[in-house]
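As given, the protein sequences belong to chains B and S, one line each in that order.
Under our numbering, the first residue of the first sequence carries the number 10, and numbering increases by one thereafter.
Under our numbering, the first residue of the second sequence carries the number 15, and numbering increases by one thereafter.
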Amino acid sequence: MIAILKVITPLLCWGGMMLSLARGIGSGPTLLAGGCGALFLTGSLLPLLVPSPLLVVAFKGVTAAAFAILWLASIGGIHGAGGEARVGHAAGPLAGRGGAFLASLLAGAGVGCILVPAGGVAQPMALMAAAVAGVSLAVAGAFAGRFLPRWFAPSGTGLWALILALLLCIASSSPRLDLFSPLTMRVMKFIHDFVHQFFESMLLPDHPFIRPRVWEYIGILFSSGVGFWGGVVLFFAPVGFIATAIRLTPLPSVAHIRRGAERRLLMASYIRQRRHQQAAPILAAAVLSLAIYQSRFPSVDYWDPAPVKVTADAAGKILIPEKGEPEIGDGRMHKFVYSHGGTEARFFVLAKEDGEYAVTLDACSICKPEGYGQGESALICYYCKTLIPLDTVGKPGGCNPVPLPFRREKGGVAIDAPLLLRSWDETVQATAGGGGERR
Amino acid sequence: MAECIIETRGVTRSYGEICALKPLDLQVRDGEWLAVMGHSGSGKSTLLNLLGGLDRPDGGSLVVGGVDLATLGEDGLARFRRERVGIIFQQHHLIPHLSAVENVMMAQYFHSVPDEAEAKVALQRVGLGHRLRNRPGELSGGEQQRVCIARAIINSPRILLADEPTGNLDHASTVVVLELLSELRAEERFTIVMVTHNQEVASRGERTIFLDDGILVREELSGR
Ligand SMILES: Nc1ncnc2c1ncn2[C@@H]1O[C@H](COP(=O)(O)OP(=O)(O)OP(=O)(O)O)[C@@H](O)[C@H]1O
Ligand SMILES: [Mg+2]
């Protein structure tokens, strides 16, 4: 039941979703508990029916789409005064019960996926346990909604921002479901492509004297922070827009009330109500911060041995012995580093299930060379958090580690040192964007 | 008899050994002007504080404006004070570094939201339209007391509690303040409970009760 520990945060998020829904949408607690509980149950048991890679893709796709919709809605909210109310009304019927049920299904599916080991099979017992916990939380949350403090009175968009933030937090508690890292990758790639386009179209001067200067600034765009901060901005923007929209929402007129004191009391109640609506975006921002934190520092333990220093012989051959320290045939990844002329080329050897070796750089051709760790039946790229199933290690492409040519010799694996250096240099050059920092 | 806005039954209040209010039964009609007299230390201010929700009785029941004060928590009591009663003291308790209009707006702020235009109108009604921006230190005693009246009625209380409102004023100012209270009461129809040592001031009310050592000893209807 250790597996259940992995879904504690997601289950807490689910409980938060139910509480918010119980307060935020009009449906009675019975309907909410029943509907949402049933859909969470369905979602969490889906891994028994649907292959988990497919489910992961579906989960991420739908959640990302919902986030995109929230983006549009939040922009609609600030577009013109009174927008918040308008968007809220327009989305009302769709966003009410239907949205709650969809969110429940997604939350269940998320929790289910987290319980299925990457590339492994679903364990019915763990899924059942999570489903039961989820249904209990649904019931408890739906009925506990009325005990929430009075100031928690979310507006339409505020509620959905919070629900989505909680969903994203469920997602980010597993690298496989995480949406933040892929987002930072997209941002990074977009900026890189953009800058490249500029060079291609000669919009940026490429003159020997100007060049270093320009690169100082262009370099910022290639630093690893750009993707991260870009992702942060994209993540928080709708919440910021919604908070702004709530601020800008005009208060109902009180001019028809003759008595000053009564008029002011009503006005005060409107102002208080509007202020209370800010609680949801503020909470959403807090939850998103947690999601980003979980994405940056996944709580999964990866096998990641320190690289062993190796040297080449006069002919430029690096020989990794099969027997000895470390024992490369044990099915775990073993990292090595070869230093030459200021370059430190990292690579690893991994014996696969069929007994074949995979020898690859500790880097891929699209990410910064932050290396890989080994989890259950998959490697993870530390940079983009992509999982690489073990049986595809040694094959080129995407975020797979760049394969190195090698020979099996008696007693070990032989690699050509100049080839290794060239491959490393090319890879690092491609991913660090001309002169970017190196690890 | 019109309905009661204040009804106390067996209300008591002691400070340690001193029993400031013996079990007291009192009924005040809605819209009545009641004067409270009695020598110093007889419990007049104690009674007023209880009626205004500034203090809680040791025993007995206290229903003011249809609300049983015993059932209110601290928040409820604060809200009761904000919305149901206006209070005027002998010492004006105005904020010295705020102007007259700001002092009135302060009361609006604690009640709901400030509204400067309304605060100005209130000061004009008490005849201080020309002294809006002056601080309490720049106003005469009578003017200060009129600012207090404007502040006390700004939130349309049902009951105005006044503890020796004219105690510090000379005869001319006293007349102005009492005239003003009469006028406002006629317009707004609030109930007044007013403590005073002055027989003439008390005769402005419709009824006067006399306290002695925390006991209601006598009551008198005014001839007017
Ligand atoms: N906070 C207190 N602590 C202790 N004793 C108090 C307190 N307030 C009032 N007393 C006492 O209770 C008694 C009644 O006081 P109260 O202020 O009601 O008198 P009063 O009728 O208003 O007198 P005055 O006309 O002088 O204002 C007095 O003996 C007074 O000393
Ligand atoms: Mg007194």
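For every residue, glycine included, the Cβ atom is placed at its ideal position computed from N, Cα and C.
What you are looking at is a predicted structure, and each value in this text was computed from that prediction instead of being measured.
Any chain B beta carbon closer than 8 Å to residue i
i	result
GLN122(S)	yes
LEU117(S)	Checking the sequence shown, residue 117(S) turns out to be Asn, not Leu. No - not a single Cβ of chain B is within 8 Å of the one on ASN117(S).
VAL127(S)	yes
HIS17(S)	Rather than His, the amino acid found at residue 17(S) in this sequence is Glu. Cβ-Cβ to chain B under 8 Å: no for GLU17(S).
SER170(S)	yes
GLU197(S)	no
GLU214(S)	no
GLU132(S)	yes
THR22(S)	no
GLN159(S)	no
Those residues which DSSP pairs with residue i across a bridge
i	result
TYR347(B)	VAL319(B) and ALA354(B)
ARG172(S)	Beta-bridge pairing links ARG172(S) to no other residue.
GLU365(B)	None; GLU365(B) has no bridge partner.
ALA360(B)	TYR366(B)
ARG23(S)	SER75(S)
ASP226(S)	ILE229(S)
PRO412(B)	THR369(B)
GLN383(B)	TRP312(B) and LEU388(B)
ARG417(B)	VAL422(B)
CYS18(S)	ARG43(S)
ILE206(S)	TRP47(S) and LEU174(S)
TYR29(S)	ILE32(S)
LYS326(B)	ASP425(B)
GLU13(S)	Summary: the structure shown does not reach residue 13(S), with chain S confined to residues 15 through 238, and so no result is reported for it.
PRO398(B)	ALA387(B)
Any C-beta of chain S under 8 Å from that of residue i
i	result
ARG448(B)	Because the pLDDT of ARG448(B) is 35, which lies under 50, any placement of that residue in the model is unreliable, and the question is left without a value.
ILE375(B)	no
LEU260(B)	no
ARG268(B)	yes
ALA277(B)	yes
ARG273(B)	yes
ILE280(B)	yes
LEU21(B)	no
Residue i: CB within 7 Å of a non-hydrogen atom of ligand 3
i	result
ASP177(S)	Absence of ligand 3 from the depicted structure is noted, with ligand 1 and ligand 2 being the only ligands included.
Legend entry - Runs of beta strand (DSSP E) lying entirely within the segment 63-123 of chain S, each at least 3 residues, in chain order: The segment 63-123 of chain S contains these whole beta strand (DSSP E) runs: 73-78 and 99-102.
Legend entry - Contact shell at 6 Å, judged by CB to any heavy atom of ligand 1, ordered along the chain: TYR29(S), ILE32(S), ALA34(S), GLY52(S), SER54(S), GLY55(S), SER56(S), GLY57(S), LYS58(S), SER59(S) and THR60(S)
Legend entry - Cβ pair count under 8 Å reaching 3, the segment 217-233 of chain S against the segment 106-116 of chain S: Verdict: no, contact absent.
Inset, instruction - Could you pull out every unbroken alpha helix (DSSP H) segment of at least 4 residues lying fully inside the segment 147-171 of chain B, listed in chain order? - result: Correct list: empty.
Inset, instruction - Take every Cβ of the segment 194-213 of chain S, pair it with every Cβ of the segment 40-47 of chain S, and state whether three or more of those distances are shorter than 8 Å. - result: yes
Inset, instruction - Assess, as a yes-or-no matter, whether the segment 297-305 of chain B is touched by the segment 273-284 of chain B under the definition of 3 or more beta carbon pairs within less than 8 Å. - result: With the rule of 3 Cβ pairs closer than 8 Å, the segment 273-284 of chain B does not count as touching the segment 297-305 of chain B.
Inset, instruction - Could you tell me whether the segment 119-132 of chain S touches the segment 54-69 of chain S, where touching means 3 or more Cβ pairs closer than 8 Å? - result: no
Legend entry - At least three beta-carbon pairs within less than 8 Å, the segment 341-354 of chain B to the segment 313-321 of chain B: yes
Inset, instruction - Just list the beta strand (DSSP E) runs in the segment 31-64 of chain S, keeping only unbroken ones of 3 residues or longer that don't cross its boundaries, in chain order. - result: Unbroken beta strand (DSSP E) runs of no fewer than 3 residues, entirely contained in the segment 31-64 of chain S, are found at 32-43 and 47-51, following chain order.
Inset, instruction - Mind listing, in chain order, the continuous beta strand (DSSP E) runs of no fewer than 3 residues lying wholly within the segment 46-97 of chain B? - result: none
Inset, instruction - Count the CB pairs spanning the segment 182-201 of chain B and the segment 59-75 of chain B that are closer than 8 Å, and state whether there are at least three. - result: yes
Legend entry - At least 3 beta-carbon pairs within less than 8 Å: the segment 359-378 of chain B vs the segment 23-34 of chain S: no
Legend entry - Segments of 4+ residues assigned as alpha helix (DSSP H) that fall wholly inside the segment 129-173 of chain S: 130-139 and 155-167
Inset, instruction - Say whether the segment 95-108 of chain S touches the segment 64-77 of chain S, bearing in mind that this needs 3 or more beta-carbon pairs closer than 8 Å, one atom from each stretch. - result: yes
Inset, instruction - Decide if the segment 13-25 of chain B is in contact with the segment 112-132 of chain B; the criterion is three or more beta carbon pairs, one per stretch, under 8 Å apart. - result: yes
Inset, instruction - Mind the definition here: the segment 374-387 of chain B touches the segment 171-178 of chain B only if three or more C-beta pairs lie below 8 Å; say whether that holds. - result: no
Legend entry - Meets three-Cβ-pair contact criterion under 8 Å: the segment 351-359 of chain B and the segment 423-442 of chain B: yes
Inset, instruction - Answer yes if the segment 254-263 of chain B comes into contact with the segment 188-198 of chain B, meaning at least three C-beta pairs across the two stretches below 8 Å, and no otherwise. - result: The way I'd put it, the segment 188-198 of chain B doesn't touch the segment 254-263 of chain B; fewer than three beta-carbon pairs between them come closer than 8 Å.
Inset, instruction - Specify whether the segment 134-141 of chain B and the segment 30-39 of chain B touch according to this definition: at least 3 beta carbon pairs, one from each stretch, less than 8 Å apart. - result: The segment 134-141 of chain B, when compared against the segment 30-39 of chain B, does not touch it at the 8 Å Cβ threshold.
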